[in-house]
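There are 2 protein chains.
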Amino acid sequence: MYKELNPLLHSQLRLAIISLLASVSEAEFNYIKEKTKATSGNISVQLDKLKSAGYITVQKSFRDNYPLTTCKITIKGRAAFEQYVQDLKTYLNL
Amino acid sequence: MYKELNPLLHSQLRLAIISLLASVSEAEFNYIKEKTKATSGNISVQLDKLKSAGYITVQKSFRDNYPLTTCKITIKGRAAFEQYVQDLKTYLNL
DNA sequence: TAAACTAGTTTATATTATAAACCATAATTA
DNA sequence: TAATTATGGTTTATAATATAAACTAGTTTA
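For the protein sequence lines, the chains are B and F, in the order given. Those letters in the first sequence? Residues 1 to 94, per this note's numbering, in order. Those letters in the second sequence? Residues 101 to 194, per this note's numbering, in order.
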């Protein structure tokens with residue numbers, strides 16, 4: 001293929017998540033859910049994949065007795081995202 | 101979700117094909133194959149989908165006795181592509 | 001204390017992408 | 001001229017991916 005677009009990022013939801021995390025210092029699970037309008041299950045799965053790739057860190061804690069999942073983009077994740085955007089630009093002749 | 105990215109175009113190969121067709125007046129099957137490095141089968145399937153969506157026209161003819169498939173982006177296809185690129189830009193905050 | 005809610009995870013299913021196998025015809029060569 | 005290989009694809013089987021439904025574990029409220 002042309003120019004390989006990182007398949008881990010070329011996914012609607014994972015791209016939305018990474019793009020979101022690239023613009024904030026960190027984000028809670030529910031914030032991601034509100035912003036993306038995706039289901040919890042879908043988000044949970046995609047966070048796992050991003051975490052496995054080392055693109056984000058996932059902190060699990062409690063707040064007001066409830067579980068709280070907080071996500072943060074890593075250096076590696078940010079680099080991958082920026083590379084993806086670059087690739088996409090050349091891909092689309094932008 | 102955030103901003104719906106046209107799923108018909110948010111596919112590595114179909115995006116490559118549409119992007120390619122957006123930049124030329126028309127293209128032959130084998131030209132698309134060379135440029136994308138994809139397999140014939142995969143291209144055949146994706147051309148069908150793009151055609152079904154009305155994004156391209158597919159002309160079948162013969163040249164030097166061999167079948168020749170020529171593709172061309174439609175007005176609708178070009179509009180969809182441009183919309184996709186716009187959506188992507190806002191999606192990624194570009 | 002039972003119902004409803006929070007915050008997720010796991011798993012089953014639907015969708016999509018892809019490659020392998022195939023088809024029809026043409027050209028080549030033995 | 002019969003067999004072999006090449007051209008230009010299409011069809012179909014499989015692998016990968018995305019998604020939603022069902023579930024878990026605990027909390028709050030009536």
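Even glycine gets a Cβ: it sits at the ideal position worked out from N, Cα and C.
Below 7 Å between beta carbons: does that hold for residue i and residue j?
i: residue 126 of chain F; j: residue 176 of chain F; result: no
i: residue 92 of chain B; j: residue 185 of chain F; result: yes
i: residue 36 of chain B; j: residue 53 of chain B; result: no
i: residue 60 of chain B; j: residue 69 of chain B; result: yes
i: residue 80 of chain B; j: residue 55 of chain B; result: yes
i: residue 46 of chain B; j: residue 13 of chain B; result: yes
Run through DSSP, which three-state label would residue i get?
i: residue 79 of chain B; result: helix
i: residue 137 of chain F; result: coil
i: residue 155 of chain F; result: coil
i: residue 111 of chain F; result: coil
i: residue 170 of chain F; result: strand
i: residue 144 of chain F; result: helix
i: residue 276 of chain F; result: With chain F represented from 101 up to 194, any question about residue 276 of chain F goes unanswered, as that position is not in the structure.
Measure from the C-beta of residue i to each C-beta in chain F and report whether the shortest distance is under 7 Å.
i: residue 85 of chain B; result: yes
i: residue 5 of chain B; result: yes
Would you tell me roughly how many angstroms separate the C-alpha atoms of residue i and residue j, rounded to the nearest one?
i: residue 22 of chain B; j: residue 105 of chain F; result: 19 Å
i: residue 143 of chain F; j: residue 187 of chain F; result: 25 Å
i: residue 33 of chain B; j: residue 40 of chain B; result: 7 Å
i: residue 7 of chain B; j: residue 31 of chain B; result: 24 Å
i: residue 83 of chain B; j: residue 94 of chain B; result: 14 Å
i: residue 164 of chain F; j: residue 120 of chain F; result: 25 Å
i: residue 101 of chain F; j: residue 162 of chain F; result: Reliability fails at residue 101 of chain F, whose pLDDT of 41 lies under 50, so the model's placement of it is uncertain and the value that follows must be treated cautiously. Answer to the nearest angstrom: the Cα atoms are 45 Å apart.
i: residue 48 of chain B; j: residue 178 of chain F; result: 36 Å
i: residue 11 of chain B; j: residue 129 of chain F; result: 27 Å
i: residue 24 of chain B; j: residue 167 of chain F; result: 54 Å
i: residue 89 of chain B; j: residue 118 of chain F; result: 14 Å
Does any CB atom of chain B fall closer than 7 Å to the CB of residue i?
i: residue 119 of chain F; result: yes
i: residue 108 of chain F; result: no
Kindly examine the ligand SAM and report whether one of its heavy atoms sits closer than 6 Å to the Cβ of residue i.
i: residue 189 of chain F; result: Although the ligand SAM was asked about, the structure shown includes no ligands whatsoever.
In the region 129–144 of chain F, which residues sit with their C-beta less than 9 Å from some C-beta in chain B, listed in chain order?
-> Close to chain B, meaning a Cβ-Cβ distance shorter than 9 Å, are the following residues of the region 129–144 of chain F: 135, 136, 137 and 138.
Using a Cβ-Cβ cut-off of less than 7 Å, give me the residues of the region 146–172 of chain F that come near chain B, in sequence order.
-> none
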